[in-house]
Amino acid sequence: MSVSDLLEPLTGNSGPVTLTAADDWMQGRTLYGGASALIAYTEAIRAFPDLPPLRSAQVAFIAPVGESFEPRVEMVRSGRNVTQVRSELLVEGKPALSVLLVFGTEREPNAVFPAPKVDPWPGSPEEAEPVPEPKGRHFISNYEIRRAQDTSGPGFPLVRRWFRLKTDPGLDAVSHLILVGDTLPPGSMRAMQRQGPLSSINWTINILDPQVQTRDGWWLAETASDHADHGYSSERLRLWNADGDLVMVGMQAAAIFG
1 MSVSDLLEPL
11 TGNSGPVTLT
21 AADDWMQGRT
31 LYGGASALIA
41 YTEAIRAFPD
51 LPPLRSAQVA
61 FIAPVGESFE
71 PRVEMVRSGR
81 NVTQVRSELL
91 VEGKPALSVL
101 LVFGTEREPN
111 AVFPAPKVDP
121 WPGSPEEAEP
131 VPEPKGRHFI
141 SNYEIRRAQD
151 TSGPGFPLVR
161 RWFRLKTDPG
171 LDAVSHLILV
181 GDTLPPGSMR
191 AMQRQGPLSS
201 INWTINILDP
211 QVQTRDGWWL
221 AETASDHADH
231 GYSSERLRLW
241 NADGDLVMVG
251 MQAAAIFG
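FYI, the numbering for the sequence shown is 1 to 258, going by the UniProt record's numbering.
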């Protein structure tokens, strides 16, 4: 199922929605976080088509989201420069995913500090070693993934990978970032003492350039745990384009089971 097929049933209006062939974007019992967040974002911009560019979003993964849900979009506040919209996906009448989206017009800058390039540079994605696909049907099968760090297995809780979608999703820049930004597992997986499942609880992102572009669809992603204990991990996420320019940053709380 292509990304355009996934988004085609969305109208921005209330009422039940059923996705066809959503299995291609599932992660266990629920839609992959980037896909469900993109659905909520798409409902918002279709409900309010004149919004300025997205600058930030706070996503709460409350319960599993499957192929059937009901969207609910609400204008929280529309100011002179910043507009905030809440977009939720309801399952059996209760919120399963809730997103607060912050849109903002571009203004004359009063502070300029370009983010530094990625360091250390992992080498180009074209030269990197491919990562084998997981067995079975899984959302990650939509991606081509390559290594971007020398270490593997248990160790320091940081994961870096080059990746790109196997087919052009035909999305605008912001929608593309939302879809791919939650692709990697938490960095804390490298610190786990025994194998077990991990689950994202929330996801906060800041988009640095709403018009960002990259080469041949390649992105460099990093997830890293700042602290893991008591069954939870505080994760830091960064996303660069193929030239090493930082394009999105985020944080996430992850539940560590097992």
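From the three backbone atoms N, C-alpha and C, an ideal C-beta is built for every residue, glycine too.
I'd like to confirm the pairing. Which residues does DSSP put opposite residue i in its beta bridges?
i, result
"T83", "S78, F103"
"S14", "According to DSSP, S14 bridges with nothing at all."
"K94", "V91"
"R238", "E222, V249"
"M26", "L31"
"H230", "DSSP lists no partner for H230."
"V59", "V99, W203"
Let me check understanding here. Comparing Cα to Cα, which of the options lies closest to residue i?
i, options, result
"A254", "L51, E222, G33, N202", "N202"
"P64", "S233, S200, P210", "S200"
"L158", "G217, I140, R238, G93", "R238"
"S234", "W219, R147, G217, Q252", "Q252"
"E67", "N13, A115, V91", "V91"
"D182", "A221, Y41, I256", "A221"
"F113", "F257, G258, I256, L246", "L246"
"R46", "G79, P197, L7, V3", "L7"
"A22", "Q149, S36, E108", "S36"
"S124", "T20, T30, Q195, G217", "G217"
"P197", "L10, V85, F257, S4", "F257"
"I62", "P122, T30, R215, D150", "T30"
"T151", "P122, L101, A228, T105", "P122"
To the nearest angstrom, report how far apart residue i and residue j are at their CA atoms.
i, j, result
"Q193", "G33", "25 Å"
"A44", "S225", "31 Å"
"V17", "F156", "42 Å"
"K117", "P210", "18 Å"
"L38", "Y143", "16 Å"
"M26", "F139", "5 Å"
"V249", "P132", "26 Å"
"W162", "L51", "31 Å"
"A128", "S78", "45 Å"
"residue 269", "L10", "Outside the displayed span of the chain (1 to 258) sits residue 269, for which this structure offers no information."
"P49", "Y41", "11 Å"
"G153", "P130", "16 Å"
Grab me the residues of residue i's own chain with a C-beta within less than 8 Å of its C-beta, minus the 5 sequence neighbours each way, in chain order.
i, result
"Q213", "A173, N241"
"H176", "P169"
Cutting at 6 Å between CB atoms, please list the residues of its own chain near residue i, excluding the five before and the five after it.
i, result
"E88", "R72, P95, S98"
"A60", "S98, N202"
"T223", "V159, L184, P186, G187, E235, L237"
Should residue i be counted as a contact of the ligand GTP given a C-beta to heavy atom distance under 6 Å?
i, result
"I145", "In the structure on display, the ligand GTP does not appear, and there are no ligands present to speak of."
Below 8 Å on the Cβ atoms is my guess for residue i versus residue j; work out the distance and round it to an integer in Å.
i, j, result
"E70", "G15", "7 Å"
"F103", "V82", "7 Å"
"R55", "I178", "Not quite, the Cβ-Cβ distance comes to about 13 Å (not below 8 Å), so this is no contact."
"W219", "R164", "7 Å"
Consider the Cβ of residue i: report whether some Cβ of chain D lies at a distance smaller than 7 Å.
i, result
"S234", "Annotation note: the requested chain D is absent from the structure, which comprises a single protein chain."
Skipping 5 residues on each side, what residues in its chain have a beta carbon closer than 7 Å to that of residue i?
i, result
"A115", "L208, L246"
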